[in-house]
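J.: First the structure, then my questions, so here it is.
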Amino acid sequence: MLKSISWQEFLIVLSGIAAIYYAVLAVIYYGHRIRSRFSDHEQAPEAPTKSPTRKSLSLIGQTKEDEGIEDEPNEGLVSTSDINVSESAREQNLLVGTVADALKELKNLFQFITDDQKNKAESLDMIGTLIERYSQLKGTKYQHSINLFIHENAVDQFSFEITLEELQSLWK
Numbered sequence: 001m002l003k004s005i006s007w008q009e010f011l012i013v014l015s016g017i018a019a020i021y022y023a024v025l026a027v028i029y030y031g032h033r034i035r036s037r038f039s040d041h042e043q044a045p046e047a048p049t050k051s052p053t054r055k056s057l058s059l060i061g062q063t064k065e066d067e068g069i070e071d072e073p074n075e076g077l078v079s080t081s082d083i084n085v086s087e088s089a090r091e092q093n094l095l096v097g098t099v100a101d102a103l104k105e106l107k108n109l110f111q112f113i114t115d116d117q118k119n120k121a122e123s124l125d126m127i128g129t130l131i132e133r134y135s136q137l138k139g140t141k142y143q144h145s146i147n148l149f150i151h152e153n154a155v156d157q158f159s160f161e162i163t164l165e166e167l168q169s170l171w172k
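Counting in the UniProt record's numbering, the sequence shown runs from 1 upward without gaps.
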């Protein structure tokens with residue numbers, strides 16, 4: 001079947017299909033611009049009106065042209081002096097990243113414990129070592145969540161149970 005079609009015929013048909021495809025896309029996405037361009041040619045061109053000069057909304061400051069313009073109140077803009085990011089918010093963001101890292105390492109550790117069929121004592125030692133590396137989470141609101149995560153995964157994956165009291169004692 002393909003031997004009966006020449007390359008020239010194939011390319012002509014392919015070009016036609018591509019042209020129709022792009023023409024349809026142009027009408028769908030730019031139809032209003034196309035209509036306005038044709039309607040502009042039919043009407044007399046209007047004289048350009050000078051728009052009032054506005055205050056620059058640049059993030060890096062005003063340009064030399066805008067320096068003489070009176071400041072207009074803009075409720076949507078906030079100056080950089082008004083932005084106050086407290087240290088506690090930064091610390092909170094760092095803790096969230098630390099929690100994510102800890103949970104990822106715990107998942108890997110659970111997989112290792114399950115694959116090697118470690119007993120409860122060895123598992124608690126390994127979990128305790130991992131928790132020591134994340135000692136900055138001790139006393140935070142994330143400590144209890146991590147303990148619950150460990151407890152629930154231990155119930156699901158291990159042949160033994162790790163209690164919440166045992167996990168709490170690992171946070172030395």
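All C-beta atoms, glycine included, are put in the ideal place defined by N, C-alpha and C.
When burial is assigned at 16 or more other CB atoms within 10 Å of the CB, is N108 buried or exposed?
T.: exposed
J.: What's the call for N119, buried or exposed, on a 16-neighbour Cβ count within 10 Å?
T.: exposed
J.: Assuming the contact rule is C-beta atoms closer than 8 Å, I131 and L170 should be a hit. Round their C-beta distance to whole Å, please.
T.: 5 Å
J.: Near I20, what residues of its chain come up, given a Cβ to Cβ distance below 8 Å and the 5 sequence neighbours on each side ignored?
T.: none
J.: Around the C-beta of L148, are 16 or more other C-beta atoms found within 10 angstroms, so that it is buried, or is it exposed?
T.: exposed
J.: Going by the beta-carbon positions, is the gap between Q168 and F110 smaller than 7 Å?
T.: no
J.: Quick check on the DSSP output: the alpha helix (DSSP H) that includes N119 runs from which residue to which?
T.: No alpha helix (DSSP H) holds N119; DSSP gives it neither H nor E.
J.: Do V99 and Y142 have their C-beta atoms closer together than 7 Å?
T.: yes
J.: Nearest to V96 by alpha carbon, out of D116, Q136 and N153?
T.: Q136
J.: Please look up how many angstroms separate the CB atoms of I150 and I127, rounded, as I've assumed it's under 8 Å.
T.: 6 Å
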